[in-house]
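Remarks on the structure that follows.
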Amino acid sequence: MSTIPLLKLPILVITNILESMGLIDRFLLAHVSQRMKRIIKNSARVRNHRFLVFFNQRAGFRFETMDRKTLPEDFIVEDDDAADMNYIEKLLRKPFKLSMSKTNRQILTIYWDDVFIGMKTICEEITELFSVPVNGVCFDLNGVDYHLESITNFINSLNPRPESVRVDGEKCDFQQYKYVLENIKSSNNLACHAEPKEHLEMGDISLKFEKLYIKSGKWIKLDHLKSIEANEIVIDHSNFTDQILKNLFRNLKGLLHSKTKKLEIYVYRHVDIDTVMDDFDADEDDESRWSFPMDNGENFIVDFNDDPILRRFSILLDKKEDNQED
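If you count the sequence shown from 1, you need to add 4 to reach this note's numbering.
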């Protein structure tokens with residue numbers, strides 16, 4: 005086999021050329037020869053990119069730049085039954101095709117007899133070749149259907165853990181919604197934007213994240229808060245009544261996990277703040293901020309934002325152990 009002309013150039017020139025290319029082009033070029041693959045892996049750096057995984061109607065990966073000035077590039081993995089025979093090449097030992105989106109985004113579609121094996125294989129190739137971790141995962145419960153177990157297993161197998169997982173799904177199935185909350189373990193932050201079409205009893209549930217966002221918080225009861233191990237919790241569209249909010253502030257230490265430092269609750273109704281805050285031994289810093297002392301010497305601060313549409317309670321806990329470290 006003759007030498008690739010590019011390889012005859014000085015290594016610095018090769019590196020500059022490679023770093024000016026898109027990542028899909030580099031990925032394809034790496035499959036031309038082992039030497040080219042080593043050069044791309046060891047010399048051509050990937051800078052200022054986020055590497056994302058997505059599952060919706062299609063499964064794949066996306067590279068996007070931090071500043072969003074360059075169009076993203078998508079790697080799609082599809083069942084080989086969907087392969088368009090007019091556009092197939094076999095450089096990757098698997099059929100693939102190159103295409104452009106309507107917004108001129110470059111797309112590499114690779115066909116596999118098992119999509120999840122393909123996703124795992126391509127993910128390993130990308131992370132090894134470009135020395136990048138998976139930064140985030142996004143999937144839509146209405147688009148993944150019966151593949152939910154395979155998707156959660158894939159997410160939990162990622163190492164290192166992705167920074168964030170986002171779950172979408174308007175009017176999704178409640179049991180699928182519950183399954184996701186119970187089974188996604190390998191992520192620092194979970195943003196659950198999914199909204200079940202009906203809210204059933206959640207029962208006991210144990211959640212462990214650095215940050216947790218729940219858009220559809222109607223199912224959350226006070227008893228659930230203790231089993232959420234997270235530094236920051238945001239509960240949107242809460243059903244908490246004024247009396248429940250009062251009980252929360254009265255028993256905050258016993259209701260929150262010891263790890264929790266911040267809790268935000270959004271309610272979309274009128275709140276009688278005088279009723280909620282009545283009978284508390286709290287210092288009122290202003291009309292919307294209170295400081296509560298607790299028996300163990302810690303404090304928690306409640307900020308109340310009385311917006312015309314939504315009311316937000318932001319609860320900040322002043323941890324005793326944090327103060328000692330300072």
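The beta carbon of each residue, even a glycine, is placed where N, CA and C say it ideally should be.
In terms of CA proximity to G64, I159 leads the group I159, R39 and G207. Taking C-beta atoms as the reference points, S47 and I15 count as a pair closer than 8 Å. Sorting E153, E202, D149 and N139 by C-alpha distance to the C-alpha of K175 places E202 at the top.
Taking one beta carbon from each stretch, the segment 138-158 and the segment 101-113 have fewer than 3 pairs nearer than 8 Å; the two do not touch. Taking C-alpha positions only, T125 is separated from D287 by approximately 58 Å.
Within the segment 239-313, the runs of beta strand (DSSP E) at least 3 residues long that lie entirely inside it are, in chain order, 266-271, 287-290, 293-297 and 303-310. Here V141 is bridged, per DSSP, to V57 and V169.
Distance from I44 to A34 at the Cβ level is roughly 5 Å; contact confirmed, criterion being Cβ atoms closer than 8 Å. DSSP, reduced to helix, strand and coil, places E233 within a strand of the structure shown. Under the three-state reduction of DSSP, M123 is assigned to helix.
Counting the other CB atoms within 10 Å of its CB gives D310 a total below 16, which places it among the exposed residues. By the CB criterion at 8 Å, G221 and D208 fall outside the cutoff. Nearest in C-alpha terms to P312, of all of D289, M281, H274 and N303, is H274. DSSP places S154 in the uninterrupted alpha helix (DSSP H) bounded by L152 to S161.
A contact between stretches requires three or more CB pairs, one per stretch, nearer than 8 Å, and the segment 70-80 fails this requirement with the segment 163-175.
Excluding sequence positions up to five before and after G173, its CB lies within less than 6 Å of the CB of D144, L145, N146 and A198, all in the same chain and listed in chain order. Rounded to the nearest whole angstrom, the C-alpha separation of D177 and P297 is 42 Å. Rounded to whole angstroms, the Cβ separation of L27 and I18 is 16 Å, and the two are not in contact under 8 Å. Counting only residues of its own chain and dropping the five nearest sequence neighbours on each side, S318 has a CB closer than 6 Å to the CB of E268 and D307. Rounded to whole angstroms, the Cβ separation of H261 and V136 is 33 Å, and the two are not in contact under 8 Å. In the DSSP assignment, the residues bridged to G64 are F58 and I80.
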